[in-house]
Each structure stands twice: as structure tokens, then as C-alpha cells.
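Each protein sequence line maps, in turn, to chains A and B. For the first sequence, numbering that gives the first Met the number 0 begins at 0 and goes up steadily by one. For the second sequence, numbering that gives the first Met the number 0 begins at 0 and goes up steadily by one. Backbone N, C-alpha and C fix where the C-beta goes; we use that ideal spot for every residue, glycine too. Everything below concerns the one structure shown next.
There are 2 protein chains.
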Amino acid sequence: MRGVMLHSPGDVRVEEREDPKITRPTDAIIRLAATCVCGSDLWSYRGVNDVTEPQPMGHEYVGVVEEIGDDVSTVKPGDFVVGSFMASDGTCEICQAGYQSRCAHVVPVGGFGTQAERALIPWADGTLVATPGMPDDDLVPSLLAASDVLGTGWFAAEAAAVEPGKTVVVVGDGAVGLLGILAARELGAERIIAMSRHVSRQQLAKEFGATDIVVERGDEGVERIKEMTGGYGAHSVIEAVGTQESMMQAIRSTRPGGHVGFVGVSHGVELPGEELFYSAVHLHGGPAPVRRYLPDLIERIVSRKINPGKVFDLTLPLDEAAEGYRAMDERRAIKTLLTV
Amino acid sequence: MRGVMLHSPGDVRVEEREDPKITRPTDAIIRLAATCVCGSDLWSYRGVNDVTEPQPMGHEYVGVVEEIGDDVSTVKPGDFVVGSFMASDGTCEICQAGYQSRCAHVVPVGGFGTQAERALIPWADGTLVATPGMPDDDLVPSLLAASDVLGTGWFAAEAAAVEPGKTVVVVGDGAVGLLGILAARELGAERIIAMSRHVSRQQLAKEFGATDIVVERGDEGVERIKEMTGGYGAHSVIEAVGTQESMMQAIRSTRPGGHVGFVGVSHGVELPGEELFYSAVHLHGGPAPVRRYLPDLIERIVSRKINPGKVFDLTLPLDEAAEGYRAMDERRAIKTLLTV
């Protein structure tokens with residue numbers, strides 16, 4: 000089959016890869032309907048994460064089940080499925096508590112690489128959710144978004160304790176930040192302030208529910224948020240970048256007793272304990288337990304209540320994946336969908 | 000009046016100080032019934048915090064109201080009162096949300112010093128709570144504990160989301176950690192594991208509700224907690240020390256999705272962002288909003304449901320404060336009560 004391999008930073012190739020095989024009775028194999036490039040793929044693409052040998056890429060996916068192991072009972076060949084980027088057994092205490100991305104037997108799907116024609120999905124029962132029937136083609140991008148960026152934005156909003164009546168700040172205007180805005184709107188936030196200085200992203204932010212845009216960053220950005228919130232700071236802040244600057248901007252924009260939901264994969268972040276102590280914020284984040292949200296998100300998508308697929312502003316065939324990475328790296332595209 | 004002053008690290012003197020005066024209509028003056036030495040006072044006593052000039056000491060207090068400003072309406076002269084170590088207006092959005100220790104107009108009571116015969120309490124209406132009538136003498140230590148260490152342990156347990164059925168770990172066996180155990184028991188925890196290697200403190204821990212004692216620390220301590228919790232880690236962890244070691248021990252002892260309540264005043268702590276991200280814990284803490292809990296805690300104390308005053312294992316007259324500090328510094332005493 001054809002699949003994307005990253006040979007070294009910046010060197011994305013679509014090449015012949017071995018077809019996946021069922022090796023455990025809990026595995027499934029899917030034929031991809033669509034896949035995409037994640038902001039977190041750029042950490043390796045840019046060489047921030049080490050790339051010591053050619054690695055398969057991609058962890059977001061929707062597709063049709065082709066084959067299942069003997070123990071798989073909740074999905075069957077022919078089902079259209081969405082799954083999380085982390086495969087989870089669904090039965091351990093951590094899964095049962097809703098933290099499937101940190102399952103006691105978690106397997107990162109990215110290790111197999113879903114930017115390909117087919118993909119192995121471990122723990123199929125605990126990981127995949129079938130859609131009700133075959134979805135219309137125009138719903139595929141939104142369902143694909145659910146497998147990571149929508150689920151991650153949703154988790155960030157819940158981790159930030161977004162509720163009706165609250166003022167929410169979103170730090171980061173990538174796909175996750177933008178879908179954090181959509182989640183905050185769906186969860187009933189009264190005011191949603193997007194911190195963004197890119198016109199095209201500001202527009203999508205507004206479409207998803209942002210009521211205000213703040214272009215300032217860092218201390219100036221924090222000052223602006225304080226001014227807009229009676230001097231107190233926001234109730235809920237979503238952090239969707241993962242740098243020292245964005246984390247401190249998020250924490251400092253939050254009022255005492257407020258909540259920071261952080262989902263940007265941390266790179267080089269060191270949080271000063273004393274400042275965190277006196278901030279008196281709630282801090283919660285990590286790899287989003289997307290699986291927890293999938294049934295609800297699929298329902299909202301197929302009933303056309305939400306349209307998260309709009310984050311894909313570039314669609315290319317799988318064979319042109321390299322251009323998809325380049326466009327995101329250069330911020331020409333928010334997110335690239337790859338058709339398979 | 001007589002009052003404690005710290006002249007330099009280790010140099011505690013009880014000397015003549017000016018009597019407090021009402022300067023704002025929201026002030027009250029109380030005559031202390033009892034006061035005490037806090038673990039956090041030791042940071043200055045040991046020179047970890049700078050002591051650039053002689054400073055009044057003490058922020059824990061119970062006593063009788065002597066005088067009130069014109070705007071004070073909820074307490075009156077003759078009332079026996081308990082108050083938080085942070086004076087709060089009680090009316091700002093932060094106070095209304097229950098985070099009085101981070102009130103928009105907060106005043107640390109420690110700035111006036113309650114290790115003295117009298118003390119000024121700013122924002123009397125938002126800070127003080129009167130007991131129902133004059134309490135029996137034997138309840139005074141417990142009421143005094145409510146003004147900081149009990150309220151702080153209680154906040155830590157709530158920040159750690161302690162609930163019936165949960166396994167709780169307590170890092171730190173000082174007065175706050177011990178009262179975190181008491182709070183966890185009152186909040187219905189199923190299992191309470193105290194991390195302590197001091198026999199006298201282990202005994203009090205068990206009396207307050209600890210079901211297990213772990214003497215190991217650091218990585219070994221974490222390993223032991225994992226073994227005791229099916230490999231997952233605890234649901235709820237209370238951190239009551241404030242060092243890098245204790246914070247990491249707390250975070251690493253918590254299962255993904257679990258909660259860390261940290262109330263040890265942070266000193267030199269830097270939290271690694273990446274580890275915090277993948278830990279997927281909830282982190283919440285800071286200066287405890289003791290005022291939020293006072294009505295409930297007073298009720299539990301005067302009805303003799305709880306006896307937090309047991310943390311005071313040394314009682315001295317105010318004039319012997321220096322020995323009270325020494326005994327705590329050398330860990331000969333858990334906590335020193337000073338009679339006035």
C-alpha cells in the first residue's frame with residue numbers, strides 16, 4: 000500500500016509500505032477514507048522532535064473496517080468508523096474514568112501511521128466508534144476532525160470548565176484552538192475571546208463562535224484580557240500551543256479560582272511553582288481522551304449541528320502529502336486533509 | 000501591647016509593640032485568646048525568605064472583638080471570632096466564587112502580626128466569623144486550627160477532589176498534611192495513605208483517619224503507592240510541603256485523570272511541562288480560601304465532631320514564643336500554640 004514516511008526533518012515521502020496485518024485478536028484493519036496532517040506532526044517535520052530513522056506518519060483517521068480480530072465485537076467489516084489517535088483497551092480503571100488516552104495498555108496509533116491507504120487499529124473495541132450508516136461525503140472532513148483536533152479542543156474546553164455564563168479565552172489559533180472555540184460555544188460560554196493575529200483564522204474563529212478577537216500577545220495580551228474582564232481575568236482559558244510563552248499567557252489570563260485547559264503538546268515548558276501557587280488556578284490537560292467524546296461528537300456532526308471540518312482549508316491527494324506538510328509549516332494552511 | 004517580632008533569621012523576640020488602631024470603617028480589633036506558629040513562619044525563621052528588617056509575626060488567630068469600624072455589621076464587640084489568615088472584602092467576584100484568599104482587595108493578616116495581645120483585622124465583615132456564643136476553653140485550640148491549618152488541609156482535600164470511594168495520598172506530615180488526612184476522612188475517602196517517617200506524626204495521622212503509612216519517599220515512595228493502587232496511582236493526592244521533591248512525588252503518585260491538591264507554599268519549584276502534560280492530572284492549589292470553609296468547620300468543632308486542635312503538641316505563653324519556634328524548627332513539636 001501507499002503511505003507517508005518522514006525520512007528526516009522536512010523530508011516527507013509517499014512510498015510503498017507493507018500492508019498491515021492482524022496480529023492480536025483485538026486488532027482491526029481499516030481502509031482510510033481520509034486522513035490529515037496534525038500540528039503535532041510538525042514537531043518532527045521541523046526537527047524539534049528527533050527523527051532518528053524513517054518513520055510512518057499520521058494518527059488521525061476515518062475509514063471503513065476491512066478486517067477484525069476474533070475478539071472484536073463492537074465493529075464489523077463494512078462499518079464506517081472514527082477512532083482516537085490513542086488506542087485504548089476500554090476496560091482498565093483509567094479508561095473507565097474517561098481518560099482513555101492514558102489507558103493502562105495505551106498504544107499510540109501514530110506508531111503505525113494513518114497517512115496511508117490502510118491502518119492497523121489496536122484495541123478496536125475500546126478505540127473505534129461506528130457511525131450510524133455510511134456518512135454523506137461532505138461529512139467526512141468533520142468526522143475526521145473528531146478523531147483528534149475536535150476531540151482535543153472539546154477536552155480543552157471541558158478541562159477549562161467552560162459553562163454557560165463564563166468568559167473563555169483561547170490561546171492558539173491552530174485547528175485545535177479554533178475547535179476549542181467551537182466547543183466553548185456548544186458548551187454555552189457567554190463570551191469567547193480568541194487570541195489571534197491572522198486574519199483568515201480570525202474569520203474562522205468568529206464563524207465558530209468567538210465574540211472578541213485580541214491581537215496582542217504575552218504581557219500585553221494578558222493586560223488586554225484583564226481590561227476586558229473587570230480586572231479579574233477570564234474564568235476559563237484554553238491553551239492550544241504548548242510553548243512556555245503560551246502557557247504563561249494562559250495562566251496569567253485566568254482569574255484566581257479559574258481553570259486552564261492545556262492541550263498544546265508541551266515543548267520546553269517549565270512552570271514556576273510559586274507563580275502557579277499564587278495564581279490559584281486549576282490546571283488540567285494532556286493528550287485528550289478523544290474516545291470519551293466520540294459518540295457525542297459523531298451525533299452532533301451527522302445531525303449537522305456542528306461543522307468542524309471547516310478547519311481543513313487545503314485538500315490534497317495522499318500522494319501530495321509533502322506539499323500538505325509544507326503548507327502547514329509555512330502557515331499557508333490551517334490544516335491539510337489527505338484524500339485516500 | 001506585647002507582640003512577637005522576628006529581627007533576623009532565628010532571632011525571635013517578644014517585645015512592646017504599639018496597640019493597633021482602627022483606620023478604616025471596615026476594620027476590627029480583636030484581643031487574642033490564642034495564636035500559634037505556622038510551618039510557613041519557619042521559611043523566614045530559617046532565612047529561606049529574606050528578613051530585611053524586624054517584622055511582626057503570626058497570621059493565625061482566635062479572640063474576642065474589642066472594637067469595630069463604622070461599616071462593620073456582622074460581628075460586634077464581645078463576639079468570639081475566627082478568621083482567615085487573608086483578609087478579604089467578601090464582595091468581589093473572586094470572593095463570591097469562594098477564592099477569598101485571592102480577593103481583589105486582599106490584605107495578608109500576617110502583615111500586622113497576630114502573635115500579639117491584640118490584632119487589627121481588615122475587612123472584618125468579609126474575614127471574621129463569630130462562634131455561637133463563647134466557646135468552652137478546650138475548643139479554643141481547634142478553633143485556632145480552623146484559621147489556617149485546618150482550613151488549608153480542607154482546601155487541599157477539596158482541591159484533590161476527595162470523595163467517598165477514593166484512595167487519597169498525603170505528602171507531608173506537618174499540621175496541614177495531618178489535617179488534610181482529617182479532612183479526607185470527613186469527606187468520605189475510602190483509603191488514606193500518609194507518607195511519613197516520624198513515629199509521633201504517624202500516630203496522629205492514624206488518629207485522624209489514615210488507613211496506611213508509607214515511609215518511603217521520592218521514587219521509592221511513588222513505586223510503593225503504585226503497588227498499593229493496582230499500578231494506577233492514587234485518585235487524590237494532597238501536597239503539603241512545597242518543595243520540588245514533594246511536588247513531583249505528589250504528581251507521580253497520582254493516576255491519570257486524578258487530582259493533586261497542593262497547598263505547601265512553593266519554594267524553588269519548577270514543574271516540567273512535558274511530564275505534567277502526559278501525567279494528565281488535575282492540579283489545583285495555592286493559598287487556601289479558609290474563609291469559605293469557616294462556618295462549616297466551626298460547626299463541626301463546636302459540635303465536637305472533629306478535634307483538629309490535637310495538632311498542637313506544645314503550648315507556651317506568648318512570652319516564650321522563641322522556644323515555640325525552636326521546637327518546630329527542630330521538629331520537636333508539630334505545632335506550637337501560644338496562650339495570650
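query                                                                                                                                                                                     : result
Look at Tyr60 of chain A and Ser146 of chain A and say whether their C-beta atoms are less than 9 Å apart.                                                                                : yes
Do the region 143 to 159 of chain A and the region 169 to 188 of chain A meet, that is, are 3 or more Cβ pairs less than 8 Å apart?                                                       : yes
Nearest by alpha-carbon distance to Ile237 of chain B: which of B:Tyr231, B:Gly257 and B:Ala129 is it?                                                                                    : B:Gly257
If we define contact as Cβ-Cβ less than 9 Å, is Met246 of chain A a contact residue for chain B?                                                                                          : yes
Can you pull the chain A neighbours of Phe154 of chain B, defined as C-beta to C-beta under 7 Å?                                                                                          : Per Cβ cutoff of 7 Å: no residues; Phe154 of chain B is ~10 Å from chain A at best.
Name the chain A residues that come within less than 7 Å of Gly46 of chain B, Cβ to Cβ?                                                                                                   : Simply none; closest approach about 17 Å.
Mind checking which residues open and close the alpha helix (DSSP H) that includes Cys102 of chain B?                                                                                     : Where Cys102 of chain B is concerned, there is no enclosing alpha helix (DSSP H), given that its DSSP letter is neither H nor E.
Using 9 Å as the limit for Cβ to Cβ distance, is Gly89 of chain A near chain B?                                                                                                           : no
Within 10 angstroms of its Cβ, does Lys165 of chain A collect 16 or more other Cβ (buried), or is it exposed?                                                                             : buried
Closer than 7 Å by C-beta to Asn306 of chain B: which residues in its own chain qualify, once you throw out the five before and the five after it? Chain order, please.                   : Ser141
Within the region 216 to 264 of chain B, note down every full alpha helix (DSSP H) run reaching 4 residues or more, in order along the chain.                                             : 217 to 227 and 243 to 251
Would you check if the region 302 to 318 of chain B and the region 330 to 338 of chain B touch, i.e. whether three or more CB-CB distances between them fall below 8 Å?                   : yes
Compare the Cα-Cα distances from Asp70 of chain B to each of B:Ala123, B:His104 and B:Gln95 and report the closest residue.                                                               : B:Ala123
To the nearest angstrom, how far is it from the Cα of Phe207 of chain A to the Cα of Pro8 of chain B?                                                                                     : 57 Å
Measuring only the C-alpha atoms, how far is Lys20 of chain A from Pro163 of chain B?                                                                                                     : 45 Å
May I have the straight-line CA-CA distance separating Asp295 of chain A from His283 of chain A, to the nearest angstrom?                                                                 : 22 Å
Give me the Cα-Cα distance between Gly396 of chain B and Pro55 of chain B, rounded to the nearest whole angstrom.                                                                         : Here chain B covers residues 0 to 339 and nothing more, so residue 396 of chain B does not appear.
When the Cα of Val170 of chain A is compared with those of A:Val161, A:Leu186, A:Val3 and A:Gly217, which residue comes out closest?                                                      : A:Gly217
Exposed or buried, what is Pro288 of chain B when buried is set at 16 or more other beta-carbons lying within 10 Å of its beta-carbon?                                                    : buried
Quick check: what's the CA-CA separation for His6 of chain A versus Ala321 of chain A?                                                                                                    : 12 Å
Opposite Val128 of chain B in the DSSP bridges: which residues?                                                                                                                           : B:Val81
Taking all protein chains shown into account, decide if Thr126 of chain B is buried (16 or more other Cβ within 10 angstroms of its Cβ) or exposed.                                       : buried
Closer than 8 Å by beta-carbon distance: list the chain A residues that pair up with Pro391 of chain B, in chain order.                                                                   : This structure leaves residue 391 of chain B out entirely; chain B is present only between 0 and 339.
On the DSSP bridge list, what partners appear for Cys35 of chain A?                                                                                                                       : A:Leu336
Can you give the beta carbon distance from Asp26 of chain B to Leu119 of chain B, rounded, assuming they're within the 8 Å contact cut?                                                   : 6 Å
Using the Cβ count rule (16 or more neighbours within 10 Å means buried), how would you classify Pro255 of chain A?                                                                       : buried
With a threshold of 9 Å between beta-carbons, can Gly150 of chain A be considered close to chain B, or not?                                                                               : no
My output table needs one value for Tyr60 of chain B: the three-state DSSP class, helix, strand or coil.                                                                                  : strand
When DSSP labels each residue in this structure, what does Ser7 of chain B get in the three-state scheme?                                                                                 : strand
Name the one or two DSSP bridge partners that Gln95 of chain B has.                                                                                                                       : Bridge partners of Gln95 of chain B: none, in fact.
Please classify Ser39 of chain B as buried or exposed, where buried requires at least 16 other C-beta atoms within 10 Å of its C-beta.                                                    : buried
Whole-angstrom Cβ separation of Val264 of chain A and Phe276 of chain B, contact assumed at under 8 Å?                                                                                    : 7 Å
Check whether the Cβ of Tyr342 of chain B lies closer than 9 Å to any Cβ atom in chain A.                                                                                                 : Here chain B covers residues 0 to 339 and nothing more, so residue 342 of chain B does not appear.
Quick check on this structure: which residue in B:Arg251, B:Cys91, B:Leu270 and B:Ala33 has the alpha carbon closest to the alpha carbon of Leu138 of chain B?                            : B:Ala33
Residue ranges of each beta strand (DSSP E) run of no fewer than 3 residues wholly in the region 267 to 311 of chain B, ordered along the chain?                                          : 269 to 271 and 281 to 284
Leaving aside the five residues before and after His266 of chain A along the sequence, list all residues of the same chain whose C-beta is less than 8 Å from its C-beta, in chain order. : Trp42, Val47, Gly241 and Thr242
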